[in-house]
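Note sheet for the following structure.
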Amino acid sequence: MKKSLAVALLLAGMAGAVATAHADPRARFMAANCSYCHGPEGKSRGAIPSLAGMDQKYFVEQMKAFRDGTRPGATVMGKHANGYNETEYAAMAKYFAAIK
-13 MKKSLAVALL LAGMAGAVAT AHADPRARFM AANCSYCHGP EGKSRGAIPS
37 LAGMDQKYFV EQMKAFRDGT RPGATVMGKH ANGYNETEYA AMAKYFAAIK
């Protein structure tokens, strides 16, 4: 039982590593800026939301809302969102969605 669990956890970790290894290098570069607050590979361990595994459409919608100032309670994210265009939002969304 313990051996099966260990193998399952190992394979799950490898799947995430493979997904990020094949990611668009530009998307990975842009997403690296998010790691300061959202954690390595978007896996937050605190109050800030995780981006890993996030639905792509939701990610893009939220970035647009931050950019446009329509998301209530937005913090520094408005400034971050203004630094990217919609094509870049989509690339980062795809990158984070692939991480499990």
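The numbers in this note's numbering rise by one with no breaks, and the one at position 4 of the sequence shown is -10.
Note that CB positions come from ideal geometry on N, CA and C, so glycine has one too.
For a test of the three-state rule: what should DSSP assign to residue i, helix, strand or coil?
i    : result
M158 : One cannot answer for residue 158 here, as it falls past the ends of the chain, which runs -13 to 86.
A33  : coil
K86  : coil
T61  : coil
T73  : helix
G55  : coil
G92  : Examination of residue 92 is not possible in this model, given that the chain is present from -13 through 86 alone.
Could you pull out every residue in the same chain whose Cβ sits closer than 6 Å to the Cβ of residue i, ignoring the five residues on either side in sequence?
i   : result
C23 : I34
M63 : F52
S30 : H24 and S36
By how many angstroms is the C-alpha of residue j removed from the C-alpha of residue i?
i   : j   : result
R12 : A51 : 23 Å
G25 : G55 : 24 Å
P58 : M49 : 13 Å
K65 : M16 : 14 Å
R70 : G32 : Sequence inspection shows Tyr at residue 70; the Arg mentioned does not correspond to that position. Spanning the two alpha carbons is a distance of roughly 25 Å.
If I measure Cβ to Cβ from residue i and keep anything under 8 Å in the same chain, skipping five residues before and after, which residues do I get?
i   : result
V46 : E72, Y75, A76 and A79
Within its chain, find whatever has a CB closer than 7 Å to the CB of residue i; leave out the 5 residues flanking it on each side and keep chain order.
i   : result
N68 : R53
D10 : A77 and Y81
C20 : G28 and L37
Under 8 Å, do residue i and residue j count as touching if we go by C-beta distance?
i   : j   : result
G28 : A18 : no
D41 : A84 : no
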